[in-house]
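The opening position of the sequence shown corresponds to residue 79 in the numbering used here, with each subsequent residue numbered one higher.
Presented below is the structure to which this report refers.
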Amino acid sequence: MTNTISASKVDGAQTNSSDYWLWDFAGVDGLQAAIALFSPAISHLSPFQSLTAEFGQQPCSVLRLCENNFRVALPEPMAFDSAISALELSVWVKPCPAATLLLPVEAGLERLRAIATTKPIYTLHPFPCDRAVPARINDLAILAWHHSWQGQPRLTLQTAQENVEAIQRALTS
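Right, dumping it as structure tokens:
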């Protein structure tokens, strides 16, 4: 599913993480699917806001990307596509193709503020929990997501697989 890389420090060695699986879903009925699977509270989120919810009796995080487009982070590989299909709504679902870099929150936030650029209305300062920010690092697109994960704050950078090495170099230079 998702290539997830964690770091003990921003400039530390990167290793795979097995507790983070991302799925994307969207469509005409994307919001209805999100409400049915998670909570009516989803409808109160603005784009790039997230909340902690439950799926399959497991805590998860749900990010609203735009009006009917969502990303869900699950703690283990689950049949999320089957749950969407069972709703019989006009929604597509697929594993998120982005590579995901996990950063320590404080050091990661500090480093992002130093090297990433955003366009107005988005900002990395402040960057509260349960928010995502589209940004660029050396002209490479990222989506930084700061959210609660299993009771702890988590900072992830999602980017195209081919950008991972360049993003890692920028984070450590």
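We put the beta carbon where it would ideally sit given N, CA and C, even for glycine.
Note that this is a predicted model, so its numbers are computed, not measured.
**Q.** Sheet register partners of residue 102 (DSSP bridge)
**A.** BP columns for residue 102 point to 149 and 172.
Q) Between 124, 237 and 243, which lies nearest to residue 176 when the distance is taken from Cα to Cα? A) Of the candidates 124, 237 and 243, the one whose C-alpha sits nearest the C-alpha of residue 176 is 237.
Q: Just mark residue 207 as buried or exposed, buried being the case when its beta carbon has 16 or more other beta carbons within 10 Å.
A: Residue 207 is exposed by the Cβ-count criterion.
Q: Along the alpha helix (DSSP H) that carries residue 109, what are the first and last residues, could you check?
A: Residues 108 to 115.
**Q.** Cross-strand partners of residue 140 (DSSP beta bridge)
**A.** DSSP, once it has assigned bridges, lists 129 and 150 as partnering residue 140.
Q) Which class does residue 215 belong to by DSSP, given the choice of helix, strand or coil? A) Residue 215: strand per DSSP, three-state reduction.
Q) Can you tell me the Cα-Cα spacing of residue 105 and residue 134, whole angstroms? A) Going from the Cα of residue 105 to the Cα of residue 134 covers about 22 Å.
**Q.** alpha helix (DSSP H) segment containing residue 246, residue limits
**A.** Element bounds for residue 246: 242 to 250.
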